[in-house]
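Encoded as structure tokens, the structure appears first; notes follow it.
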Amino acid sequence: MFKEFRLGLFVIVFAAASVVLGICSYLTDRLISTPLHDFLIFSVVVSALTIVVLLLLAQRSQPRVDAIVLFILAGLWLTMGAYSQDVIGHQFCYGLRGQTIPAKNDTTSAYLDFVAYSVPNSTRSVSAEGYCRRMKTVLAFSWAIFVFLTIGLLRLLTLVNKIYERGNLTIGLLRLLTLVNKIYERGNRDIWRGSISDITYFEESPVNKSGEYPREYPRDYPRYPPSSPPPLPNTPGQTHVYYPANSTRSLQSQVIQQQPGHSVIIRDGRVTQVPGSVVSA
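The numbering of the sequence shown is the numbering used here, which starts it at 1309 and goes up by one.
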């Protein structure tokens, strides 16, 4: 469940970042020599970086790496959304219908009140409405990516499983820490350095690698095969007798209360007590 949620989140963010990268690359090719070049370069770098990072995280990652990277990416896309809002947020695209942006040296248009620039060494014209709608798309996808990354980060770090089951995702800043600590308590001391795929929800069984015992108990917890009896405490005045169970192959124990001054004799599955000390031959 956790792995599928993470992969789905990466697919959505990857697709949205690809859309932003395509639009910004198109605008960069035409407007790189304008005052918008800072925004265009930033948008291309952020979207391309997001795509590369998600591809790397999808291969293999660690919980702490996922948490840090998602936090950084969410911050970058928050900046991207605010930057886009500052550039195009106040403009209504339908008011620019039919207008074009001349693409000649040292020329501008009535679009100057919206964004002043010139496109040298070109005879092409740019549709003001088309430019506006592309920038609006970048703005919308930037905020959407930020929201998805934030939801993913909150989902990973949710502390209270009961609140998560009720659908409240806004309180989930410690989900990942809780899951990892739960697995750590099961005995997997290397979970922070292990693969993110080893993380499971509370209701799921722990991921056990081949050849390893399940991690419900610490590593140093003694384990015994079914046919071997575990050691029992040596309580004064008590004798622990093991005998085969009727329905299983494992051994069961019976506690005999030893009387003072008596010895316990076990023979053919029968337990008797005799006065004095008995020395076995």
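We put the beta carbon where it would ideally sit given N, CA and C, even for glycine.
The structure presented is a predicted model; accordingly, all values stated were derived computationally and were not measured.
| Coil, strand or helix - Ser1326 by DSSP | helix
| message | Using only the alpha-carbon positions, how far apart do Val1579 and Gly1495 sit? | response | 41 Å
| request: In angstroms with no decimal places, state the Cα-to-Cα distance between Gly1460 and Met1388. | output: 18 Å
| task | Provide the residue span of the alpha helix (DSSP H) that contains His1345, from first to last. | result | In the DSSP annotation of this structure, the continuous segment of the alpha helix (DSSP H) that includes His1345 starts and ends at His1345 to Gln1367.
| Arg1575 in three-state terms, based on DSSP | strand
| query | Where do the ends of the alpha helix (DSSP H) carrying Ile1380 lie? | reply | Pro1371 to Ile1396
| field | Residue from Leu1462, Gln1367 and Lys1444 with nearest C-alpha to Ala1390 | value | Lys1444
| message | Here's the rule I'm using: 16 or more other beta-carbon atoms within 10 Å means buried, otherwise exposed. How should Leu1315 be labelled? | response | exposed
| query | Do the region 1372-1387 and the region 1444-1456 touch if we need at least three Cβ pairs shorter than 8 Å? | reply | yes
| said: What residue range does the alpha helix (DSSP H) around Ser1585 cover? | reply: Here Ser1585 belongs to no alpha helix (DSSP H), and DSSP marks it neither H nor E.
| Which term fits Ala1324, buried or exposed, when burial requires 16 or more other beta carbons within 10 angstroms of its beta carbon? | By the neighbour-count rule (16 or more Cβ atoms within 10 Å), Ala1324 is buried.
| query | Can the beta-carbon of Ser1355 be found less than 8 Å from the beta-carbon of Leu1317? | reply | no
| task | Find out if the Cβ-Cβ distance for the pair Phe1449, Val1327 is shorter than 8 Å. | result | yes
| field | Pick from Phe1347, Leu1386 and Phe1350 that is closest to Thr1274, judged by C-alpha positions | value | Within the shown structure, residues of the chain are numbered from 1309 to 1589, placing residue 1274 beyond reach of any answer.
| What separation, rounded to the nearest whole angstrom, lies between the Cα atoms of Asp1337 and Val1373? | 35 Å
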